[in-house]
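With the numbering used here applied, the sequence shown covers 356 to 503.
All remarks here apply to the structure that follows.
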Amino acid sequence: MDIQIILILLLVGLAAGTLSGMVGVGGGIIIVPCLVYFLGFSQKMAQGTSLGLLLLPVGILGVMQFYKAGNVDVRVVLIIAAAFIVGSYFGSKWALSLPQDSLKKIFAILMLLISVKMLFLDKKNPEHPAGNMPVEDARDSTRLSSSG
C-alpha cells in the first residue's frame, strides 16, 4: 500500500471519527462513500470494511466521553444493541445477496431521505422531553412500560 493511499485512509478515518464523536453519526456514512469513490471499492467491500472498523474498539472511546458527562442511558443502549445485533446479521446477509447497483441505490436513498428530513421536515422548536433533563430524569421519561 503506497503512502498516498495510507494518507487518504487516515484522513477518512479522522473525518469519520470526528463526526461520529461530534454528532453521533455512524462512521459508515463517511467511510463507505469515501472507500467507493476515492479508492474504488465495491459497495459490498466498502460496507464490510466499514463494519469491521466500527466495532467495539472504535466506538468505546466516544461512548466513554459521553458516559462521563452523563449522556448515555445504558438500559436503552443494551435494548437497542440486542436488536441491532440481530438486525446486523440479517441485514448483512441480505446486502450480500443484492446486486451492487441496488445496494448502492439503497444506501444513497437512505442518506438522501435522512438529509431531507433533517433539513426540511424536523419541527423547529420542540425537543424530545428527555433532551435537557438530568440523566436520572431522562431515564425515567424514556423508560419502557408494559402499561402502554
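A virtual CB, placed ideally from N, CA and C, is assigned to each residue, including glycine.
Small disclaimer: the values here were computed from a predicted structure and weren't measured.
Distance check for residue j and residue i, CA to CA, integer angstroms please.
| i | j | result |
| --- | --- | --- |
| residue 394 | residue 386 | 11 Å |
| residue 458 | residue 464 | 10 Å |
| residue 363 | residue 451 | 26 Å |
| residue 365 | residue 376 | 16 Å |
| residue 477 | residue 356 | 44 Å |
| residue 382 | residue 369 | 10 Å |
| residue 474 | residue 392 | 25 Å |
| residue 453 | residue 431 | 32 Å |
| residue 400 | residue 389 | 12 Å |
| residue 443 | residue 434 | 14 Å |
| residue 425 | residue 372 | 21 Å |
| residue 502 | residue 360 | Annotation note: pLDDT 44 at residue 502 (below 50); position unreliable, coordinate value reported separately. Approximately 55 Å between the Cα atoms of the pair. |
| residue 498 | residue 460 | At residue 498, the pLDDT of 47 sits below 50, so the modelled position is not reliable and the matter cannot be decided from this model. |
By DSSP, does residue i sit in helix, in strand, or in coil?
| i | result |
| --- | --- |
| residue 369 | helix |
| residue 454 | coil |
| residue 356 | coil |
| residue 395 | coil |
| residue 380 | coil |
| residue 431 | helix |
| residue 390 | helix |
| residue 299 | Nothing about residue 299 can be read from this structure; the chain reaches only from 356 to 503. |
| residue 316 | What is shown of the chain runs 356 to 503, which leaves residue 316 out entirely. |
| residue 446 | helix |
| residue 417 | helix |
| residue 424 | coil |
| residue 409 | coil |
Report the CB separation of residue i from residue j in whole angstroms; it is logged as a contact under 8 Å.
| i | j | result |
| --- | --- | --- |
| residue 367 | residue 374 | Going by Cβ atoms, the distance from residue 367 to residue 374 rounds to 11 Å, so no, they are not a contact pair. |
| residue 384 | residue 466 | 6 Å |
| residue 455 | residue 398 | 5 Å |
| residue 429 | residue 421 | No, residue 429 and residue 421 are not in contact; Cβ-Cβ is about 11 Å, not under 8 Å. |
Q.
Could you check whether the stretch 415-423 touches the stretch 466-477, counting it as contact only if at least three pairs of C-beta atoms, one from each stretch, sit closer than 8 Å?
A. no
Q) Using 8 Å as the Cβ pair cut-off and three pairs as the minimum, do the stretch 443-461 and the stretch 394-406 touch? A) yes
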